[in-house]
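One structure is given here, and the rest of the page talks about it.
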Amino acid sequence: MSSQTYRGPAYQIHTERLIVRCLNPTDARLFQETVDDNLEHLRPWLSWTRHEPRDLNEKIERLRQLRSAFDAGKDFVFGLFTPDQARMLGASGLQTRPGPGAREIAYWVHRDHCRQGLATEVAAALVKVAFEVEGVSRVEIHCDPRNTPSARIPERLGFEHEATLRGRKRDAAGNVCDEMIWTLFKERYPRSLARQAEVCAFDVVGRKLL
C-alpha cells in the first residue's frame, strides 16, 4: 500500500459484536476493574499478570505508555469493548516484535465471555487490518500449547503451525514453558476466514480505512 493512500494505523475497529479501539489513560478505571476481575483466569497464560494487581495511578501510567507507543507506531494495543463502550471485555494487540513487514496478534477475553467466539472474531478483524491496512507480508499468533482454546483460533483462521519452541518463555509463576508459533502468509490470506470478516476500521480522525 503506497504512503499516499495509507492513513493507518487503525485506531478503532468495529466487528459484529465489539468495538476494538486504542486504549487511552481515561480508560484506567475500567481497565483496572477488568484486569483485576480476570487475574486468576489469566495467570496460567500471561506473564505480565505476575505484576498485578496494580493501583489506579500505575494503570494510568501504563495506559499513557501504551497510547504513546500506539501514536509513535511502535506497538498497537487495543481494548475490547461492548458497542456502547460501557464494559471492557478484554484486550488484544497487533504487536510489532516479529519485525518489519509482520505483526503478531495477541488476545484475551473476559472470563464471563469465553467460548462465545469473541477471540476468533477479534483475531479475524486484526488479521484483516494487518493485511489490508498495514500491508504486512505475514501475521503470527503465539500461544502456550497447553492453552487449547487459544490454539484453535489460528487453526480456524487458516494459520500454519510452524513450530513449537521448547522452553522458550516463562509463565506468570516463573516456570519455563513451551510456545507454539502459528503463521499466516499474505499469499494464503485470501483463503482465510478472516478475509470474509465483517469489519470496519477507522484512523485517528475517524476516516474509514476498511
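Heads up: the sequence shown at position 87 corresponds to 634 in our numbering, and the numbers run straight through without jumps. Even for Gly, the Cβ is constructed at its ideal location relative to N, Cα and C. Fair warning: this is a prediction, and the values are worked out from it, not measured in the lab.
With three or more CB-CB distances shorter than 8 Å, the region 718–736 counts as touching the region 585–592. Residue 583 sits exposed, since fewer than 16 C-beta atoms from the chains shown fall within 10 Å of its C-beta.
Given a length threshold of 4 residues, each whole run of the alpha helix (DSSP H) inside the region 598–650 is given here in chain order: 603–618. Just measuring C-alpha positions, the residue of 658, 676 and 749 sitting nearest residue 586 is 658. By the C-beta density criterion, residue 689 is buried, having at least 16 other C-beta atoms within 10 angstroms. For residue 691, the secondary structure class from DSSP, reduced to helix, strand or coil, is coil. Around the C-beta of residue 621, fewer than 16 other C-beta atoms lie within 10 Å, and the residue is accordingly described as exposed. Here residue 757 carries a coil assignment [DSSP, helix/strand/coil].
Separation of residue 626 and residue 565 (C-alpha to C-alpha, rounded to the nearest whole angstrom) is 10 Å. Rounded to the nearest whole angstrom, the C-alpha separation of residue 736 and residue 668 is 16 Å.
Taking every protein chain shown into account, the CB of residue 574 has 16 or more other CB atoms within 10 angstroms, so this residue is buried. In the DSSP secondary-structure assignment, residue 652 is bridged to 641 and 688.
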